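See below for the structure under consideration.
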Amino acid sequence: MVSPRYNRIYGVVRRIPRGRVATYGQVAELAGFPGQARQVGYALRALSDDANVPWHRVINARGELSPRAESTSVHVQRALLRAEGIRFDAEQRVSFVKYRWKPR
Numbered sequence: 116m117v118s119p120r121y122n123r124i125y126g127v128v129r130r131i132p133r134g135r136v137a138t139y140g141q142v143a144e145l146a147g148f149p150g151q152a153r154q155v156g157y158a159l160r161a162l163s164d165d166a167n168v169p170w171h172r173v174i175n176a177r178g179e180l181s182p183r184a185e186s187t188s189v190h191v192q193r194a195l196l197r198a199e200g201i202r203f204d205a206e207q208r209v210s211f212v213k214y215r216w217k218p219r
């Protein structure tokens with residue numbers, strides 16, 4: 116069973132549109148857990164492979180991908196974001212000016 120806290124986080128992540136990104140901190144705040152960005156990371160790490168949650172759209176506050184324990188996840192995440200039209204700069208960062216999700 117998934118905790119209510121994780122369900123709130125997943126609900127926010129599901130709202131991030133294709134071609135946009137949000138930070139862990141932004142998701143935490145929108146889910147009602149300001150200052151708890153790590154909780155978002157824990158929740159996303161707990162997802163099953165068949166979950167319908169676009170986890171790849173959540174990146175760190177520097178605009179970078181955060182590696183997970185298994186080394187291939189960053190490559191998968193980068194490929195998924197590129198497939199949505201998101202481009203990385205020379206430092207492998209995403210431009211928040213261009214791609215950050217701005218919920219209404």
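Numbering-wise (my numbering), the sequence shown opens with residue 116 and increments by one.
Glycine is no exception: its CB is placed at the ideal position from the N, C-alpha and C atoms.
Since the structure is predicted, the reported quantities are computational estimates derived from the model, not experimental observations.
Around the Cβ of His171, a 10 Å sphere holds 16 or more other Cβ atoms; the residue is buried. If you ignore the 5 residues before and after Val168, its C-beta comes within less than 8 angstroms of the C-beta of Tyr125, Val128, Arg129, Leu159 and Leu162, all in its own chain and listed in chain order. The C-beta distance from Val189 to Leu180 rounds to 5 angstroms, short enough to meet the 8 angstroms contact threshold.
Of the residues assessed, Ala176 falls on the exposed side of the cut-off, its CB having fewer than 16 other CB atoms within 10 angstroms. Measuring C-alpha to C-alpha distances from Arg135 to each of Glu199, Ala205, Arg193 and Asp204 identifies Glu199 as the nearest. DSSP places Ile131 outside both helix and strand once states are collapsed to three, so it counts as coil. Taking C-beta atoms under 8 angstroms as the contact rule, Ala143 and Ala152 qualify, at a distance of about 5 angstroms.
Here DSSP, grouped into helix, strand and coil, assigns Arg172 to helix. Scanning its chain for C-beta atoms nearer than 7 angstroms, with the 5 sequence neighbours on each side dropped, one finds around Pro218 the residues Arg130 and Leu145, in chain order.
By the Cβ neighbour-count rule, Gly156 is buried, with 16 or more other Cβ atoms within 10 Å of its own.
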